[in-house]
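Order-wise, the sequence lines are chains A and V. Counting in numbering that gives the first Met the number 0, the first sequence runs without a single skipped number right up to 287 at its last residue. Counting in numbering that gives the first Met the number 0, the second sequence runs without a single skipped number right up to 220 at its last residue.
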Amino acid sequence: MAQAPVNIRPSKHLEVPPMPIGDEPENADPMASETIALETKSLQVFYGSRLALDGISMKVAARRITAIIGPSGCGKSTLLRCFNRMNELLQGARIAGEVLFMGEDLYARDVDPTEVRYRIGMVFQKPNPFPKSIYDNVAFGPRINGNKGNLDELVEQSLRRAALWDEVKDRLKKSALELSGGQQQRLCIARALAVAPEVILMDEPASALDPLATLKIEDLMQELAKDYTIVIVTHNMQQAARVSDYTAFLTTEGGGAPGKLVEFGPKDVIFTNPRDQRTQDYITGRFG
Amino acid sequence: MTRIGFDHELKQLQDELLALGSMVEKAVIKSIDSLKRRDLALARTVVEEDKFINHKRFAIEERCLKLLATQQPMAQDLRIIVAVLHTTVDLERMGDHAEGIARVSIRIGDDPLIKPLIDIPRMTDLALGMLRRALDAFTHRDSAAATRVCQEDDEIDALHEQIYRELLTYMLQDPRTIQQATYLTWVAHNLERIADRSTNIAEQVVFIVTGKREEIGSSKY
Numbered sequence: 000m001a002q003a004p005v006n007i008r009p010s011k012h013l014e015v016p017p018m019p020i021g022d023e024p025e026n027a028d029p030m031a032s033e034t035i036a037l038e039t040k041s042l043q044v045f046y047g048s049r050l051a052l053d054g055i056s057m058k059v060a061a062r063r064i065t066a067i068i069g070p071s072g073c074g075k076s077t078l079l080r081c082f083n084r085m086n087e088l089l090q091g092a093r094i095a096g097e098v099l100f101m102g103e104d105l106y107a108r109d110v111d112p113t114e115v116r117y118r119i120g121m122v123f124q125k126p127n128p129f130p131k132s133i134y135d136n137v138a139f140g141p142r143i144n145g146n147k148g149n150l151d152e153l154v155e156q157s158l159r160r161a162a163l164w165d166e167v168k169d170r171l172k173k174s175a176l177e178l179s180g181g182q183q184q185r186l187c188i189a190r191a192l193a194v195a196p197e198v199i200l201m202d203e204p205a206s207a208l209d210p211l212a213t214l215k216i217e218d219l220m221q222e223l224a225k226d227y228t229i230v231i232v233t234h235n236m237q238q239a240a241r242v243s244d245y246t247a248f249l250t251t252e253g254g255g256a257p258g259k260l261v262e263f264g265p266k267d268v269i270f271t272n273p274r275d276q277r278t279q280d281y282i283t284g285r286f287g
Numbered sequence: 000m001t002r003i004g005f006d007h008e009l010k011q012l013q014d015e016l017l018a019l020g021s022m023v024e025k026a027v028i029k030s031i032d033s034l035k036r037r038d039l040a041l042a043r044t045v046v047e048e049d050k051f052i053n054h055k056r057f058a059i060e061e062r063c064l065k066l067l068a069t070q071q072p073m074a075q076d077l078r079i080i081v082a083v084l085h086t087t088v089d090l091e092r093m094g095d096h097a098e099g100i101a102r103v104s105i106r107i108g109d110d111p112l113i114k115p116l117i118d119i120p121r122m123t124d125l126a127l128g129m130l131r132r133a134l135d136a137f138t139h140r141d142s143a144a145a146t147r148v149c150q151e152d153d154e155i156d157a158l159h160e161q162i163y164r165e166l167l168t169y170m171l172q173d174p175r176t177i178q179q180a181t182y183l184t185w186v187a188h189n190l191e192r193i194a195d196r197s198t199n200i201a202e203q204v205v206f207i208v209t210g211k212r213e214e215i216g217s218s219k220y
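Next up, the structure:
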């Protein structure tokens, strides 16, 4: 995979048509007009000998927000981590099947996982800024990457994109740890943006935040989805309903059984008229 | 099983809707009775009691709003609440049609009827049958039964047309009947609307069950 250029703009500008509006024939592929950023084919994930995810085949549309929902232990975060090869940082974790990024095998021998993680960034559940200044947090990735451009500009652009600039522009040299939880999370998003990713993976990005900070992150996600592909894991069904374009529902039969994809589709379908009874039961709060 | 409280509230919501349906049915029966028997006091009761139907509608809408605001319903739960919101409006309007019939009865006053009422009571039975079956289908989430209700509307439309033609004949033969005959066409029109609104309710049942919004059969009026 080629070295990603370090600038704030996504490396590929795609024409993104409006979301399908739902009056297509029943069997029409709702993703037919989408550019597919990520795709899994019969994906299995093992932790040692335990099968954690089984038979996951799904597509992630470019510059859309895809939410992954499901009960605890169904493998949502595991699936998310497959998208930027974070699972292999865990001992004994391995995958079978395929994960494609823009049509290329993400797990091919010649692909550098570090490179993958630049192009497919991640934001975690708990804000995890480095104990450094606000500026240095954002500049961290580009510096490691040998950024030769205007770092000040890059930091400003990243913070603006993360909707944090106005709140921190006068204290860039202050410690990031002085920021509120919501601000720290947006700083982590700015830090992810600074290395010019194409995809941003978010693992419960708002679960540690208060309602207002949560809504700010959701607004931000929708803004970012104009330029980036976003995949979010969330326990908050209302959040998935509010922000996502597509929703995947995973579940497990429990007792250590592997997580499986039950239903995937445009969020309007998943939240108003799901096809599978298990999805219906989960999103209406009857199980899970 | 979780959400026992919410399930209970959904059940109550549906019970309230059925109670409203029953109030409307009684109002229609009374209004037609008042016309048949020339019972003006009964007609005035229907007009007077329409406010209770209106109140019930608002109370049901309040319940729906509360559930939407507090329970974040999804999927079929959401469709049920939306369907109740639509249905309660249709029922309340049917109450207005009953009131309309009662007002016709009051307008005719002490005048004798120009003809014995035969088709109008028949049309009433058909329309109320549709209403009852639509609400039954609602309770049982039976989209097949709901579809059948919609198909019954053709019979109502045919009867409506027949009544209209007959009254027209009366008017042509004897202009003194024009006023009352016109009033009676209003009654038939109100009954036709009641049947049509019953098909709306039936369509809501199909929506609850399948998630599809569609007009099943279309009224000529």
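Cβ atoms here follow ideal geometry from the backbone N, Cα and C, with glycine treated the same way.
Through-space distance from residue j to residue i, alpha-carbon basis
i: residue 166(V); j: residue 173(V); result: 11 Å
i: residue 133(V); j: residue 46(V); result: 25 Å
i: residue 50(A); j: residue 139(V); result: 42 Å
i: residue 11(V); j: residue 67(V); result: 15 Å
i: residue 137(A); j: residue 163(A); result: 12 Å
i: residue 145(V); j: residue 161(A); result: 51 Å
i: residue 74(V); j: residue 81(V); result: 11 Å
i: residue 131(V); j: residue 169(V); result: 33 Å
i: residue 19(V); j: residue 187(A); result: 55 Å
i: residue 118(V); j: residue 9(V); result: 39 Å
i: residue 191(A); j: residue 122(A); result: 7 Å
i: residue 100(A); j: residue 234(A); result: 25 Å
i: residue 184(V); j: residue 70(V); result: 46 Å
i: residue 12(A); j: residue 169(A); result: Unreliable placement is indicated for residue 12(A), whose pLDDT of 48 sits below 50; the coordinate value is still reported in the next sentence. Distance between the alpha carbons of residue 12(A) and residue 169(A): 33 Å.
i: residue 69(A); j: residue 251(A); result: 9 Å
Close-in-space but distant-in-sequence residues of the same chain around residue i (CB under 6 Å, 5 per side omitted)
i: residue 40(A); result: 56, 96, 97
i: residue 1(A); result: Bear in mind that a pLDDT of 47 at residue 1(A), under 50, signals an unreliable position, so the number given afterwards is only what the model happens to contain. Same-chain partners within the cutoff: there are none.
i: residue 189(V); result: 96, 99, 100
i: residue 203(V); result: 82, 85, 86
i: residue 22(V); result: 52
i: residue 213(A); result: 205
Sequence-distant residues of its chain with Cβ nearer than 7 Å to residue i (five each side left out)
i: residue 78(V); result: 206, 207, 210
i: residue 166(A); result: 182
i: residue 64(V); result: none
i: residue 79(A); result: 67, 200, 202, 230, 232
i: residue 273(A); result: 262, 279, 282
i: residue 128(A); result: 136, 175, 176, 183, 186, 187
Per-residue burial, residue i [other beta carbons within 10 Å of its own, 16 or more giving buried]
i: residue 181(V); result: exposed
i: residue 54(V); result: exposed
i: residue 29(V); result: buried
i: residue 14(V); result: exposed
i: residue 7(V); result: exposed
i: residue 107(A); result: exposed
i: residue 42(A); result: buried
i: residue 238(A); result: buried
i: residue 120(A); result: buried
i: residue 286(A); result: exposed
i: residue 82(A); result: buried
Spatial neighbours of residue i in its chain, beta-carbon cut-off 8 Å, leaving aside the 5 residues before and after
i: residue 260(A); result: 54, 55, 56, 57, 247, 248, 249
i: residue 125(V); result: 151, 154, 155, 158, 194
i: residue 127(V); result: 24, 27, 28, 193
i: residue 6(A); result: Confidence in residue 6(A) is poor, its pLDDT being 45 and thus under 50, which makes the residue's placement too unreliable to answer from.
i: residue 1(V); result: none
(message) Runs of 3 residues minimum, wholly inside the stretch 233-273 of chain A: which ones carry the beta strand (DSSP E) assignment?
(response) Runs found: 245-250, 259-265.
(request) Please name the residues in the stretch 67-87 of chain V whose beta-carbon is closer than 8 Å to at least one beta-carbon of chain A, in chain order. (result) Interface annotation for the stretch 67-87 of chain V against chain A: 71, 72, 73, 74, 75, 76, 77, 78, criterion Cβ-Cβ distance under 8 Å.
(request) Entirely within the stretch 107-181 of chain V and at least 3 residues each: give me those beta strand (DSSP E) ranges in chain order. (result) List check, beta strand (DSSP E) in window: nothing returned.
(request) Would you list, in chain order, the members of the stretch 270-282 of chain A that have their beta-carbon closer than 7 Å to a beta-carbon of chain V? (result) Closer than 7 Å at the C-beta level to chain V, one finds these residues of the stretch 270-282 of chain A: 270, 271, 272, 273, 279, 282.
(message) Using a Cβ-Cβ cutoff of 7 Å, what residues of the stretch 85-111 of chain A are near chain V? List them in chain order.
(response) Those would be none; no residue qualifies.
(message) At 4 residues or longer, what runs of the alpha helix (DSSP H) sit wholly inside the stretch 81-151 of chain A?
(response) 112-118, 133-143, all fully within the stretch 81-151 of chain A.
(message) To be precise: take each residue of the stretch 182-214 of chain V, compare its Cβ to all Cβ atoms of chain A, and keep it if any distance is under 7 Å. Which residues remain?
(response) For the stretch 182-214 of chain V, which is checked against every Cβ of chain A, the residues closer than 7 Å are 210.
(request) Report the residue ranges of all beta strand (DSSP E) runs contained in full by the stretch 192-228 of chain A; include only those spanning at least 3 residues, in chain order. (result) If you keep only unbroken beta strand (DSSP E) runs of at least 3 residues inside the stretch 192-228 of chain A, you get 198-202.
(message) Closer than 7 Å between beta carbons: that is the criterion. Which residues of the stretch 118-145 of chain A meet it against chain V?
(response) For the stretch 118-145 of chain A, no residue has a beta-carbon sitting nearer than 7 Å to a beta-carbon of chain V.
(request) With 9 Å as the C-beta to C-beta threshold (strictly closer), list the residues of the stretch 225-242 of chain A near chain V in chain order. (result) Sequence-ordered contacts of the stretch 225-242 of chain A with chain V read 236, 237, 240 [C-beta pairs closer than 9 Å].
(request) Could you please tell me which residues of the stretch 27-43 of chain V, in chain order, have their CB closer than 7 Å to any CB of chain A? (result) So the list is empty, because no residue satisfies the distance condition.
(request) Return the residues of the stretch 1-22 of chain V that lie within a Cβ-Cβ distance of less than 7 Å from chain A, sorted by chain order. (result) Interface annotation for the stretch 1-22 of chain V against chain A: 1, 2, criterion Cβ-Cβ distance under 7 Å.
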